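See below for the structure under consideration.
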Amino acid sequence: MKAFNTMRLDSVCENMVEFDTVEDCPSAMALAEELSHDGRVDIIGGGSNIVFSDEYHGVLVHPAILGWDVNMLENGAAEVVIGAGVELDSLVSYLASAGFWGLENLSGIPGTVGGAAVQNAGAYGQEFGDFVKYVKVWNCKEKKFEKLPKKELNYGYRFSTFKMLENSGKYIVLEVSIEVSKKFNPQLSYGPLKQISDCDNLTPVDVRDKIIAIRESKLPKVDEVGSAGSYFKNPVLDQTEWNQFCDIIREQGVEIDTVPHFVTANNMFKVPAAWLIERCDWKGKILGNAGVWHNQPLILVNATGKATANEILMLEEAIISDVKKRFGIELKPEVVRL
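Here this note's numbering is used: the first residue of the sequence shown is 12, the next is one more, and so on.
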């Protein structure tokens, strides 16, 4: 499975089923269920948000539906219907080059469009779910195709209907419909992006180039160093939890105004997990063959190329423990364990 996970863990699985058309999904799932000894079937996309165990005892299903169709609407808008197996960054590159605004801030995020729809991938002030119209799925429980409109997808921070416990194993994402527009609408609220806000004739490609430069200055290239992207979610605290956190910070002699945070629309407080991890002195540290990236402590990496799943998970647990002891906040992994 090394080619199917960006952490580049040298894992193995018993069986894997891949299909590349929407119509083949039912027969592919029937085959997967036939091959499974205990009913264990999991869906994978680009493997950019997964930590595999060293041996996976089950059947992995990989939707490899490629291609997209662009349908122009009114006032420069367009509906784009994309196969779940399309690499997200390939789609973003095409849309930016074609002059469409919408996904350019998601440039450089590894993984597939199907994974982005499930995870609600986001970066630098944009989230994939903001642009979704509907998602076409196979309902594994009712054995039928469905189109789930945006109102039923419950998009939130790194969350969607697909991540609800009661929907575990229920859906396979096959196609995603999004709406983008050629109407000038850059999202430049993230600090470094403000530098280009005054550029004449700013294009989606300009923003994409800036995003890629920012990412390359902070993040490892997945083709050079194994990683699973942002490993932890940024904690979101309610008022009581925020007050408790502030008390702890003050006891440590830190002015709360110096702590980076963001107040959400519903008066919750989002604190960067990277800041918490760095304050616990994990930035750049290596534990066995696993490590914390030296330029961005939110990224755990296969530091030597020889890390096992257990080493990654030992590092994860050590960081969670230290942050909990120091700040009273329990970090939640963003990655999926298989």
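Glycine residues also receive a C-beta, built at the ideal position from the N, C-alpha and C atoms.
Please read these numbers as outputs of a predicted model, since none were measured by experiment.
I think residue i touches residue j, with their Cβ atoms under 8 Å apart; what is that distance to the nearest whole Å?
i: V247; j: K281; result: 5 Å
i: L342; j: I61; result: Not really, about 18 Å apart at Cβ, beyond 8 Å.
i: A329; j: L309; result: About 15 Å separates the two Cβ atoms, so there is no contact after all.
i: V143; j: A128; result: 6 Å
i: A95; j: P74; result: 5 Å
i: K193; j: F111; result: 6 Å
i: W149; j: L185; result: 6 Å
i: D31; j: I93; result: Actually they are not in contact, since the Cβ atoms of D31 and I93 sit about 14 Å apart, beyond 8 Å.
i: Y182; j: F173; result: 6 Å
i: A318; j: S59; result: No, A318 and S59 are not in contact; Cβ-Cβ is about 16 Å, not under 8 Å.
i: L117; j: V97; result: So it is not a contact: roughly 13 Å between Cβ atoms.
i: E25; j: H68; result: 6 Å
i: G119; j: I222; result: 6 Å
i: V70; j: V52; result: 5 Å
Determine which residues share a DSSP beta bridge with residue i and list them.
i: C210; result: Its beta-bridge partners do not exist; DSSP assigns none.
i: T251; result: Paired residue(s): none; T251 is not in a bridge.
i: F156; result: W149
i: A88; result: S192
i: K281; result: V247 and F273
i: T123; result: E98
i: W112; result: S192
i: L311; result: V303
i: H133; result: Note that residue 133 is Gly in the sequence shown here, rather than His. E138.
i: E186; result: G94 and K147
i: L298; result: A301
i: V62; result: R348
i: G316; result: Per DSSP, none; premise fails for G316.
Could you check which residue in the options has the C-alpha nearest to that of residue i?
i: G57; options: T32, V124 and P37; result: V124
i: E115; options: K158, L99 and Q130; result: L99
i: A276; options: S228, F15 and G167; result: G167
i: A314; options: S332, V265 and G237; result: G237
i: Q130; options: A43, N150 and F243; result: F243
i: R226; options: Y135, F30 and M83; result: Y135
i: I189; options: R51, Q263, G302 and N82; result: N82
i: S101; options: A88, W79 and V270; result: W79
i: L287; options: I259, M325 and T214; result: I259
i: C36; options: H48, F338, F156 and A320; result: F156
i: A43; options: G87, E34, M27 and N254; result: M27
i: C257; options: K221, E327, F338 and A301; result: F338
i: I33; options: E90, K158, L324 and I223; result: Residue 33 is actually Val in this sequence, not Ile. It is K158 whose Cα lies nearest to the Cα of V33.
i: E235; options: T269, V312 and N300; result: V312
i: Q307; options: A285, A301 and M325; result: A285
i: D21; options: L106, L199, N300 and H305; result: N300
i: A109; options: L199, V23 and V216; result: V216
i: Y201; options: K161, Q137 and K162; result: Q137
i: G180; options: I54, E163 and Q255; result: I54
i: I323; options: F63, T251 and K154; result: F63
i: A88; options: D65, V70, G113 and E66; result: G113
i: G316; options: D249, V233, C291 and E90; result: V233
i: W253; options: Q263, N278 and S241; result: N278
i: A107; options: T214, L326 and K162; result: T214
Count the other C-beta atoms from every protein chain shown that fall within 10 angstroms of the C-beta of residue i, then say buried if there are 16 or more, exposed otherwise.
i: K13; result: exposed
i: I267; result: exposed
i: A41; result: exposed
i: F273; result: exposed
i: G195; result: The amino acid occupying residue 195 in the given sequence is Phe; Gly does not appear at that position. Per the 10 Å Cβ criterion, exposed.
i: R219; result: buried
i: G295; result: exposed
i: M18; result: buried
i: C151; result: buried
i: P271; result: exposed
i: V265; result: exposed
i: K229; result: exposed
i: A39; result: buried
i: K154; result: exposed
i: S332; result: exposed
Taking the alpha helix (DSSP H) that residue i belongs to, which residues open and close that run?
i: P271; result: From DSSP, P271 is part of no alpha helix (DSSP H); its letter is neither H nor E.
i: L324; result: A320 to F338
i: S38; result: C36 to L46
i: V216; result: P215 to K229
Just to confirm the assignment, what range does the beta strand (DSSP E) spanning residue i have?
i: C24; result: V23 to F30
i: W79; result: W79 to M83
i: D2; result: The structure shown does not extend to residue 2, since the chain is modelled only from 12 to 349, so the question has no answer here.
i: A301; result: A301 to V303
i: E66; result: E66 to P74
i: S241; result: G237 to S241
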